[in-house]
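Novice: What follows is a single structure, and I will ask about it in a moment.
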Amino acid sequence: ASCSICAPPWSPFFTSFPTAVTSVLPIATMTSLGTTTDPAAGAPKLTETNYHSWKYAMQARLMQSTIAWLVTNGSIPEPVARGTGASAVPPDPDQLRAWQIGNLNAAGLIFNSVSPAIQPFIQEHIDSAKTMWDELKKKYEAQNATTRFMLVDEFLSIQKQPDESLSALIGRVDAALQKLRSSHDDK
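In the numbering used here, the protein residues as written are 1172 to 1358.
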(Lines of atoms letter the chains of each structure in order from A and count residues from 1; the text may use other names and numbers.)
(Lines give C-alpha, C1' and ligand atoms only; values in the text may rest on other atoms or scores of the structure.)
Protein backbone atom coordinates (compact mmCIF):
# COMPACT_ATOMS: atom_id res chain seq x y z
CA ALA A 1 0.00 0.00 0.00
CA SER A 2 1.28 3.43 -0.79
CA CYS A 3 0.76 6.62 1.11
CA SER A 4 -1.16 9.21 -0.95
CA ILE A 5 0.58 12.01 0.92
CA CYS A 6 4.04 10.52 0.22
CA ALA A 7 3.25 9.71 -3.40
CA PRO A 8 5.16 11.69 -6.02
CA PRO A 9 3.09 14.25 -7.95
CA TRP A 10 3.20 12.15 -11.13
CA SER A 11 1.70 9.06 -9.43
CA PRO A 12 -1.70 9.42 -11.13
CA PHE A 13 0.16 9.22 -14.41
CA PHE A 14 1.16 5.64 -13.60
CA THR A 15 -2.07 4.33 -12.07
CA SER A 16 -2.99 2.27 -15.12
CA PHE A 17 0.42 0.69 -15.75
CA PRO A 18 1.22 -0.78 -18.25
CA THR A 19 -1.48 1.08 -20.23
CA ALA A 20 0.02 4.43 -19.21
CA VAL A 21 3.43 3.28 -20.36
CA THR A 22 2.30 1.96 -23.71
CA SER A 23 0.11 4.96 -24.46
CA VAL A 24 2.53 7.66 -23.32
CA LEU A 25 5.95 6.17 -23.99
CA PRO A 26 5.87 4.93 -27.56
CA ILE A 27 9.32 4.20 -28.89
CA ALA A 28 7.60 4.00 -32.25
CA THR A 29 3.99 4.82 -32.96
CA MET A 30 1.52 2.90 -35.07
CA THR A 31 -0.31 4.78 -37.79
CA SER A 32 -3.82 3.95 -38.90
CA LEU A 33 -2.35 1.82 -41.68
CA GLY A 34 -0.39 -0.28 -39.19
CA THR A 35 3.01 1.01 -40.23
CA THR A 36 5.60 2.18 -37.76
CA THR A 37 6.91 5.74 -37.64
CA ASP A 38 10.03 6.73 -35.79
CA PRO A 39 9.60 9.85 -33.60
CA ALA A 40 13.23 10.83 -34.32
CA ALA A 41 12.81 10.63 -38.09
CA GLY A 42 13.75 13.87 -39.75
CA ALA A 43 15.49 15.26 -36.66
CA PRO A 44 18.61 17.21 -37.49
CA LYS A 45 21.78 15.55 -36.24
CA LEU A 46 23.62 17.64 -33.68
CA THR A 47 26.89 18.98 -35.07
CA GLU A 48 29.42 21.40 -33.67
CA THR A 49 27.51 24.33 -35.20
CA ASN A 50 23.76 23.72 -34.83
CA TYR A 51 23.12 23.18 -31.11
CA HIS A 52 20.45 25.88 -30.81
CA SER A 53 18.22 24.53 -33.59
CA TRP A 54 18.95 20.89 -32.65
CA LYS A 55 17.98 21.52 -29.02
CA TYR A 56 14.49 22.79 -29.90
CA ALA A 57 13.86 20.07 -32.50
CA MET A 58 15.00 17.38 -30.07
CA GLN A 59 12.95 18.83 -27.23
CA ALA A 60 9.85 18.74 -29.46
CA ARG A 61 10.52 15.10 -30.35
CA LEU A 62 10.99 14.16 -26.70
CA MET A 63 7.79 16.02 -25.81
CA GLN A 64 5.88 13.75 -28.20
CA SER A 65 6.60 11.02 -25.70
CA THR A 66 5.65 13.14 -22.64
CA ILE A 67 7.47 11.00 -20.05
CA ALA A 68 10.66 10.99 -22.14
CA TRP A 69 10.83 14.80 -21.94
CA LEU A 70 9.85 14.92 -18.25
CA VAL A 71 12.59 12.40 -17.43
CA THR A 72 15.13 14.27 -19.60
CA ASN A 73 14.47 17.69 -18.07
CA GLY A 74 14.45 16.27 -14.54
CA SER A 75 10.78 16.95 -13.78
CA ILE A 76 10.36 13.25 -13.02
CA PRO A 77 13.40 11.99 -11.14
CA GLU A 78 14.22 8.30 -10.95
CA PRO A 79 12.05 6.72 -8.23
CA VAL A 80 14.22 5.70 -5.28
CA ALA A 81 13.69 3.97 -1.97
CA ARG A 82 12.25 6.15 0.79
CA GLY A 83 13.88 5.93 4.18
CA THR A 84 17.00 4.07 5.19
CA GLY A 85 18.02 0.73 6.61
CA ALA A 86 15.41 -1.85 7.54
CA SER A 87 12.60 0.71 7.36
CA ALA A 88 13.41 1.68 3.75
CA VAL A 89 10.45 1.46 1.40
CA PRO A 90 11.48 0.44 -2.13
CA PRO A 91 10.20 2.50 -5.04
CA ASP A 92 6.93 1.45 -6.59
CA PRO A 93 7.90 -1.14 -9.24
CA ASP A 94 5.39 0.18 -11.77
CA GLN A 95 6.63 3.75 -11.38
CA LEU A 96 10.24 2.60 -11.59
CA ARG A 97 9.54 0.58 -14.75
CA ALA A 98 7.69 3.49 -16.37
CA TRP A 99 10.57 5.84 -15.52
CA GLN A 100 13.09 3.34 -16.93
CA ILE A 101 11.14 3.07 -20.19
CA GLY A 102 10.93 6.86 -20.49
CA ASN A 103 14.64 7.20 -19.75
CA LEU A 104 15.62 4.52 -22.29
CA ASN A 105 13.35 6.03 -24.93
CA ALA A 106 14.78 9.52 -24.40
CA ALA A 107 18.40 8.34 -24.11
CA GLY A 108 18.13 6.42 -27.38
CA LEU A 109 16.57 9.36 -29.19
CA ILE A 110 19.23 11.77 -27.91
CA PHE A 111 22.18 9.50 -28.66
CA ASN A 112 20.97 8.68 -32.16
CA SER A 113 20.32 12.35 -32.94
CA VAL A 114 23.92 13.48 -32.48
CA SER A 115 26.56 13.18 -35.17
CA PRO A 116 29.11 10.34 -34.88
CA ALA A 117 31.78 12.94 -34.03
CA ILE A 118 29.82 13.99 -30.91
CA GLN A 119 28.62 10.56 -29.76
CA PRO A 120 31.88 9.75 -27.91
CA PHE A 121 31.35 12.88 -25.77
CA ILE A 122 28.09 11.47 -24.34
CA GLN A 123 28.67 7.75 -24.80
CA GLU A 124 29.61 7.16 -21.15
CA HIS A 125 26.22 8.60 -20.12
CA ILE A 126 24.13 6.52 -22.54
CA ASP A 127 22.05 5.11 -19.68
CA SER A 128 20.88 8.55 -18.52
CA ALA A 129 18.89 10.85 -20.80
CA LYS A 130 19.09 13.70 -18.28
CA THR A 131 22.88 13.47 -17.95
CA MET A 132 23.38 13.37 -21.72
CA TRP A 133 21.06 16.38 -22.17
CA ASP A 134 22.79 18.32 -19.38
CA GLU A 135 26.30 17.53 -20.70
CA LEU A 136 25.41 18.70 -24.21
CA LYS A 137 23.79 21.82 -22.81
CA LYS A 138 26.83 22.59 -20.65
CA LYS A 139 29.22 22.12 -23.56
CA TYR A 140 27.34 23.95 -26.31
CA GLU A 141 25.54 26.72 -24.43
CA ALA A 142 28.81 27.83 -22.82
CA GLN A 143 30.48 27.84 -26.24
CA ASN A 144 27.57 29.79 -27.70
CA ALA A 145 27.81 32.54 -25.10
CA THR A 146 31.55 32.92 -25.69
CA THR A 147 31.12 32.85 -29.46
CA ARG A 148 28.37 35.46 -29.35
CA PHE A 149 30.41 37.71 -27.09
CA MET A 150 33.35 37.54 -29.50
CA LEU A 151 31.09 38.22 -32.49
CA VAL A 152 29.45 41.20 -30.76
CA ASP A 153 32.90 42.56 -29.94
CA GLU A 154 33.99 42.05 -33.56
CA PHE A 155 30.82 43.76 -34.83
CA LEU A 156 31.22 46.76 -32.50
CA SER A 157 34.90 47.13 -33.44
CA ILE A 158 34.23 47.64 -37.15
CA GLN A 159 35.66 50.92 -38.40
CA LYS A 160 35.99 52.34 -41.87
CA GLN A 161 39.51 51.89 -43.18
CA PRO A 162 41.08 54.96 -44.87
CA ASP A 163 41.16 53.38 -48.33
CA GLU A 164 37.85 51.50 -47.98
CA SER A 165 34.76 52.41 -49.97
CA LEU A 166 31.44 52.89 -48.24
CA SER A 167 29.97 49.86 -50.05
CA ALA A 168 32.90 47.69 -48.84
CA LEU A 169 32.32 48.89 -45.26
CA ILE A 170 28.61 48.11 -45.56
CA GLY A 171 29.55 44.66 -46.86
CA ARG A 172 31.80 44.00 -43.82
CA VAL A 173 29.11 45.27 -41.42
CA ASP A 174 26.50 43.08 -43.13
CA ALA A 175 28.79 40.01 -43.01
CA ALA A 176 29.54 40.56 -39.30
CA LEU A 177 25.83 41.01 -38.58
CA GLN A 178 24.99 37.80 -40.47
CA LYS A 179 27.60 35.87 -38.45
CA LEU A 180 26.13 37.28 -35.24
CA ARG A 181 22.59 36.36 -36.27
CA SER A 182 23.59 32.85 -37.30
CA SER A 183 25.38 32.29 -33.99
CA HIS A 184 22.05 32.90 -32.28
CA ASP A 185 19.92 30.91 -34.72
CA ASP A 186 22.15 27.90 -35.32
CA LYS A 187 24.02 27.39 -32.08
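Ideal Cβ positions, reconstructed from N, Cα and C, are used throughout, including at glycine.
Predicted, not measured: the structure shown is a model, and the values here were computed from it.
If you measure between the beta carbons of Ile1289 and Leu1233, is that distance less than 8 Å?
Specialist: no
Novice: Under 7 Å Cβ to Cβ from Trp1270, same chain only, skipping five residues before and after it: list those, please.
Specialist: Val1242, Ile1247, Glu1249 and Pro1250
Novice: List the DSSP bridge partners of Arg1253.
Specialist: Its beta-bridge partners are Val1260.
Novice: Have a look at Leu1267 and Gly1245 and give me their C-alpha separation to the nearest angstrom.
Specialist: 15 Å
Novice: Considering only the alpha carbon of each residue, which of Ala1257, Thr1302 and Ile1238 lies closest to Gly1273?
Specialist: Ile1238
Novice: For Val1285, list the residues DSSP reports as bridge partners.
Specialist: Leu1217
Novice: When the Cα atoms are used, what is the spatial distance from Lys1350 to Phe1320?
Specialist: 12 Å
Novice: Measuring CA to CA, which of Phe1326, Val1285 and Arg1343 is closest to Ser1224?
Specialist: The residue with the shortest Cα to Cα distance from Ser1224 is Val1285.
Novice: Using only the heavy atoms of the ligand NAD, determine whether one of them is closer than 7 Å to the beta carbon of Thr1317.
Specialist: As far as ligands go, the structure on display features none, and thus does not contain the ligand NAD.
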